[in-house]
Amino acid sequence: TGGVYQLRQGQQRRIVCKVKPVPNSGTLPIICQSISSVSIGSVTVRVKLQRQLDSYSEEDLTVLKQKWSKALQRRRTYLHQQLQKVMIKSGVDQSSLEQEREQSLVEQLVSLTEEQNAVQLPPPGSNIPGAPADWTPPIGKEAHIPVIFLNLNGDDFSSQVSGEFISLAGTNAIIPKEMSNKFFNLPIVEHYDDEVCAVASWDSSIHNNPLLNRQTSADERVYLIVKSVVRLSHPVMLDIVLRKRICVNIYKKQSLTSKFVRSFIGTSNTYYDTAVIYEIVSNIPKASEELEERESLAQMAANDQEANT
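Position one of the sequence shown corresponds to residue 1 (the UniProt record's numbering), numbered consecutively onward.
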């Protein structure tokens, strides 16, 4: 999760939620307008020997891959049909234009197979959604990058949902061990003017959970999920649900040893926030939805024009 928050037992706290786009990270700029709500919940515990939890989810990534794969399969079916038509006149009966056409279709099928493989198993560092993490994250940031699929129209980036209501993306991108009925909306006490940031008040007693009301054992890790609803103003006006799992350690009082160590090393090595980077995908590539490459279609049109003249 990027780190473990040290929380003193019985104190009320404030949660600071901040959202900012990663500069130079994509071809479509994202503009975040405001954070409209903050909620927290889904308390769970893991022992140190168990696999630890983070904020990664594959729900939206699965939807994206399914839609992308269907578009590529439509293209494959079309290319096979076109290739069958050309191959009927194979050998000496083929004109030079038909031979060029056959070669073009075969090359497109080879390229299509490579694209289909990359969609299902993207290589590390390929910038394809779902590619395995191939970086060393800075302190406080999670290593894995979840995907939120907006499913916008590829022509004008409009929402697929019709009507006057603003659509909500990321609702179904639940993360492991998330229990949707165990969240509490928190009162937002402050908004920052110079950045997209909201401060919410949190009293851990609202959960009525013993994991938050007692000292955490040395072999335990207590997790919660913070959910924020963020309003986007570009590429389209919509709300998006972002999740961040946090790990906390509840303590009663600092021991004399802890106080001595803190006074000795100072606070320069103390960090106060954790973060997760989301990859926001607006739509599948428009070229993947086309049945044939534009260059091939343009060449066919040029050949037809030459034949007519």
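Just so it is clear, CB atoms sit at the ideal spot from N, CA and C, and this is done for glycine as well. On a predicted model such as this, the values are computed, not experimentally measured, just so you know.
Check: So TRP202 is in the beta strand (DSSP E); what residue range does that whole segment cover?
Finding: Unbroken beta strand (DSSP E) run through TRP202: 197-202.
Next item on the list: Decide yes or no for the touch test of the region 172-180 against the region 37-50: beta carbon pairs closer than 8 Å, at least 3 of them.
Entry: Yes, the region 172-180 touches the region 37-50.
Notebook entry, point to check: If you check the beta carbons only, do LEU232 and ARG75 fall under 7 Å apart?
Noted result: Contact: no.
Note to self: Mapping the DSSP letters down to three states, classify ASP93 as helix, strand or coil.
What the structure shows: Residue state, collapsed to three classes: helix.
Checklist line | Neighbour-count burial assignment, ASP93, 16 or more Cβ in a 10 Å radius | finding: It is exposed - the Cβ of ASP93 has fewer than 16 other Cβ atoms within 10 Å.
Checklist line | Proximity to LEU64 [Cα-Cα], best of LEU72, ASN151, VAL222, ASP54 | finding: Of LEU72, ASN151, VAL222, ASP54, the residue nearest in Cα terms is ASN151.
Note to self: To the nearest angstrom, how far is the alpha carbon of SER69 from that of GLN120?
What the structure shows: Roughly 8 Å between the two C-alpha positions.
Next item on the list: Would you kindly check if the distance between the Cβ of PRO129 and the Cβ of GLU289 is under 7 Å?
Entry: Contact flag unset, no.
Item checked: Nearest-angstrom Cα separation, counted from ILE225 out to TRP202 -> Take the alpha-carbon of TRP202 and the one of ILE225: they are about 13 Å apart.
Check: Counting pairs of Cβ atoms below 8 Å between the region 201-219 and the region 180-193, do you hit three or more?
Finding: Short answer: they touch.
Next item on the list: Scan the UniProt domain "Kinesin-like" (179-254) and note each continuous beta strand (DSSP E) run of 3 residues or more that stays entirely inside, going in chain order.
Entry: Along the length of the UniProt domain "Kinesin-like" (179-254), whole beta strand (DSSP E) runs at least 3 residues long occupy 183-186, 188-191, 197-202, 220-234, 238-251, reported in chain order.
Checklist line | Three CB pairs or more closer than 8 Å across the region 211-223 and the region 24-39 | finding: Contact between the region 211-223 and the region 24-39 is absent, because fewer than three Cβ pairs lie under 8 Å.
Next item on the list: Per DSSP, which residues does GLU279 bridge with? Please list them.
Entry: VAL147, per the DSSP bridge assignment.
Margin query: Assuming LYS65 is part of the alpha helix (DSSP H), what are its boundary residues?
Written below: Run containing LYS65: 59-87, per the alpha helix (DSSP H) assignment.
Check: Going by the beta-carbon positions, is the gap between GLY170 and ILE206 smaller than 7 Å?
Finding: No.
Notebook entry, point to check: Apart from the five residues on each side of it in sequence, which residues of its chain come closer than 6 Å, Cβ to Cβ, to CYS247?
Noted result: Closer than 6 Å at the Cβ level, and outside the excluded window around CYS247, lie THR1, VAL4, ARG221, TYR223.
Notebook entry, point to check: Do you know offhand how far GLN66's Cα is from THR270's?
Noted result: GLN66 and THR270: Cα-Cα distance of roughly 43 Å.
Note to self: Just list the residues that DSSP pairs ARG46 with in beta bridges.
What the structure shows: Residue pairing by DSSP places ARG46 opposite ARG221 in a beta bridge.
Next item on the list: Leaving aside the five residues before and after residue 311 along the sequence, list all residues of the same chain whose C-beta is less than 6 Å from its C-beta, in chain order.
Entry: Not covered by the structure: residue 311. The range shown for the chain is 1 to 309.
Notebook entry, point to check: Just the Cα atoms here: how many angstroms apart are THR113 and PRO123?
Noted result: Rounded to whole angstroms, THR113 to PRO123 spans 15 Å at the Cα level.
Check: Which residues mark the beginning and the end of the alpha helix (DSSP H) in which residue 390 is found?
Finding: Only positions 1 to 309 of the chain appear in the structure, and residue 390 is not among them; the question remains open.
Notebook entry, point to check: Is DSSP giving ALA133 helix, strand or coil here?
Noted result: In the three-state scheme derived from DSSP, where H, G and I count as helix and E and B as strand, ALA133 is classed as coil.
Item checked: Length of the line joining the Cα atoms of SER167 and ASP239 -> One C-alpha to the other measures close to 6 Å.
Next item on the list: Starting from SER37, follow its DSSP beta bridges and name the residues at the other end.
Entry: DSSP, once it has assigned bridges, lists VAL229 as partnering SER37.
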